[in-house]
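In the working numbering, the protein residues as written are 85 to 134. For glycine and all other residues, C-beta sits at the position ideal for the given N, C-alpha and C. As the structure is a prediction and not an experimental result, all values here were calculated from the model. The block underneath contains the structure these notes are about, expressed in structure tokens.
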Amino acid sequence: MAKAERVAIAIIVQTLSDRAGLPMPELYIVPSQSANAFRGEIDVQVRSND
Numbered sequence: 085m086a087k088a089e090r091v092a093i094a095i096i097v098q099t100l101s102d103r104a105g106l107p108m109p110e111l112y113i114v115p116s117q118s119a120n121a122f123r124g125e126i127d128v129q130v131r132s133n134d
């Protein structure tokens with residue numbers, strides 16, 4: 085991946101983070117042919133209708 089592509093991705097993520105009012109996440113580039121996506125610290129609140 086070229087440096088220009090990495091910079092473009094970082095700008096997109098920063099823009100989305102700013103719009104959502106969230107801090108910029110850490111980004112990692114994993115050199116692989118297969119899809120690789122993960123997210124840490126998932127906090128899910130489940131609400132029941134009971």
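Item to check | Span separating the alpha-carbon of Pro109 from that of Gln98 | outcome: Rounded to the nearest angstrom, the two C-alpha atoms are 8 angstroms apart.
Item to check | Rounded straight-line distance, which links the Cα of Met85 to that of Tyr112 | outcome: If you take the alpha carbons of Tyr112 and Met85, they lie about 12 angstroms apart.
Item to check | Element boundaries [alpha helix (DSSP H), containing Val97] | outcome: Bounds of the alpha helix (DSSP H) holding Val97 are Lys87 to Ala104.
Checklist entry - Distance, Cα to Cα, Leu100 vs Pro115? => result CA-to-CA, the gap between Leu100 and Pro115 works out to about 24 angstroms.
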